[in-house]
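To keep things clear, I will list the structure first and then write my remarks on it.
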Amino acid sequence: MGELRWNEIPSDSLLSRQLGWIDFLQKEWQVHFMDIRQGFTAVSVLWKNQQAQQTFKNQFLKFKVKPLKLTSRIWEIPVCYDLEYGKDLGSLAIEHRLRVNEVIQLHSSVTYRLHFFGFLPGFMYLNGLPVQLHTPRKSVPDRTVDAGSIAIGGTQTGIYPKESPGGWHIIGRSPISMFDPKKKPPVWAVPGDQIKFVPIDSEEMEKLLEEPPIPIFR
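In terms of this note's numbering, the sequence shown opens at residue 5 and continues consecutively.
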């Protein structure tokens with residue numbers, strides 16, 4: 005396993021450089037590696053053999069890799085922040101000495117950048133959570149988190165693509181399907197896209213859960 009690592013905080017600039025390296029590797033070196041993975045500040049490559057990895061390292065300083073332009077898509081994701089869908093919303097508000105509606109306003113007021121998928125297939129790692137909402141992960145994870153749950157963990161917010169255990173704080177839920185293995189691709193967004201959460205009430209949520217909408221972007 006080889007790794008490219010940047011000693012800086014996640015940003016649009018860093019993401020564009022990471023995506024540039026990923027594009028370069030996929031075009032020029034794909035026959036030499038088995039997998040490539042991205043994190044907030046790293047790109048990891050699982051090489052097929054030691055020789056390929058060493059050849060890459062020997063030529064590394066010769067590469068001139070251009071940053072990849074980020075997409076302009078902004079996906080609008082409906083979210084119901086009612087307490088029946090966001091069971092940790094009240095306690096998170098108390099922890100930060102905020103009103104519940106202030107938490108909702110803060111969380112839905114910004115546009116997030118999708119950096120990569122991880123943890124679960126289709127789980128988005130989003131950058132841009134307001135500092136006022138940064139919250140350590142739970143010391144004891146929940147055994148079950150509903151699919152579509154919107155959560156906060158550390159400095160990030162994310163969307164659970166399917167029912168699973170989880171240690172993030174659940175503040176709402178979206179009726180949109182985040183991952184469908186029957187579709188190609190199984191996810192509708194790509195790293196570099198932006199996500200905007202749009203609050204909806206419980207009545208609209210119930211309707212949309214019966215007929216999940218198709219994600220839209222602008």
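Note that CB positions come from ideal geometry on N, CA and C, so glycine has one too.
All figures in this text were calculated on a predicted structure; none of them were measured in a lab.
{"Query": "CA nearest to the CA of Gln34, picked from Arg21, His100, Arg103, Leu50", "Result": "Leu50"}
{"Query": "Cβ-Cβ distance between Val149 and Tyr164 below 7 Å", "Result": "yes"}
{"Query": "Sheet register partners of Asn131 (DSSP bridge)", "Result": "Arg117"}
{"Query": "Length of the line joining the Cα atoms of Ile156 and Ile108", "Result": "12 Å"}
{"Query": "Delimiting residues of the beta strand (DSSP E) encompassing Thr161", "Result": "160–163"}
{"Query": "Same chain, Cβ closer than 7 Å to Ile26, five either side skipped, listed in chain order", "Result": "Ile40, Gln42, Val47"}
{"Query": "CB of Lys52 within 7 Å of CB of His36, strictly", "Result": "yes"}
{"Query": "At least three beta-carbon pairs within less than 8 Å, the region 58–74 to the region 162–176", "Result": "no"}
{"Query": "Buried versus exposed, by CB contacts within 10 Å (16 or more), Val83", "Result": "buried"}
{"Query": "Pairwise C-alpha distance: Lys211 and Trp192", "Result": "22 Å"}
{"Query": "Cβ-Cβ separation, Thr75 to Gly196 (assumed contact under 8 Å), whole Å", "Result": "5 Å"}
{"Query": "Segment limits, beta strand (DSSP E) that includes Ala46", "Result": "46–51"}
{"Query": "Which residues DSSP lists as bridging Phe183, in chain order", "Result": "Looking at the DSSP assignment, Phe183 forms no beta bridge with any residue, so it has no partner."}
{"Query": "Inter-residue Cα distance where the pair is Ile78 and Glu99", "Result": "31 Å"}
{"Query": "7 Å Cβ cutoff met for Glu88 and Val202", "Result": "no"}
{"Query": "In DSSP terms, what Ile156 is bridged to", "Result": "Thr161, His173"}
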